[in-house]
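Have a look at the structure below, then the notes.
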Amino acid sequence: MSARKVRLPTVSTLYPNSVRPGHGIFVETRRRELLRSGEVEVRVVAPIPWSFSTDPRYGDYARMLSQRGGGAFAQAISALLASSPDRAQVRSYAEYFSWQSTTDAQLALFQKIALKCTEAIHA
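When the sequence shown is numbered by numbering that gives the first Met the number 0, its final residue is 122 and no position is left out of the sequence of numbers.
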């Protein structure tokens with residue numbers, strides 16, 4: 000009986016693409032070596048190479064990172080830490096947590112984002 004392969008989702012903006020084929024080649028090399036082992040399945044999600052634009056044609060994605068400085072990051076973290084989660088909800092979530100379900104949901108989200116970005120680019 001063969002062991003189940005480890006499924007490894009990878010999200011990287013440092014990955015070869017049509018615009019910069021040599022960009023982040025070390026990530027591709029690492030992926031290739033993991034695949035060569037035969038023990039790992041690797042799926043790479045590489046967002047569009049030019050990152051999200053603030054151009055209005057990108058809709059909600061244009062507003063995702065309207066402020067990119069350290070101050071905006073600190074403000075977001077402070078707001079997150081100020082809102083204390085309900086312990087019962089956290090416990091319930093932890094008891095039913097599934098890495099596989101989480102990975103599947105993340106991949107579905109990334110595919111949805113990639114599709115919307117592609118549609119916006121070609122609109």
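Backbone N, C-alpha and C define an ideal beta-carbon position, used for all residues, glycine too.
Beta-carbon contacts of residue i that lie in its chain and below 8 Å, excluding the five residues immediately before and after
{"i": "Thr-9", "result": "Val-26, Arg-30, Val-41, Arg-42, Val-43 and Val-44"}
{"i": "Glu-38", "result": "Ala-2, Lys-4 and Val-5"}
{"i": "Met-0", "result": "Confidence at Met-0 is low in this model, with a pLDDT of 47, below 50, so its placement is unreliable and the value that follows should be read with caution. There are no such residues."}
Beta-carbon proximity check, residue i vs residue j, cutoff 8 Å
{"i": "Arg-6", "j": "Thr-101", "result": "no"}
Beta-carbon proximity list for residue i, same chain, < 7 Å, skipping 5 on both sides
{"i": "Ala-122", "result": "Arg-56"}
{"i": "Leu-108", "result": "none"}
Identity of the residue in the options nearest residue i by Cα
{"i": "Ser-11", "options": "Leu-106, Gly-69 and Leu-80", "result": "Leu-106"}
Residues sharing a beta bridge with residue i, DSSP
{"i": "Val-44", "result": "Val-10"}
In chain order, which continuous runs of the alpha helix (DSSP H) of length 4 or greater are located wholly inside the segment 3-42?
24-35, all fully within the segment 3-42.
Going residue by residue through the segment 58-110, where are the continuous alpha helix (DSSP H) segments of at least 4 residues, counting only ones entirely within it?
The qualifying runs are 69-81 and 86-94.
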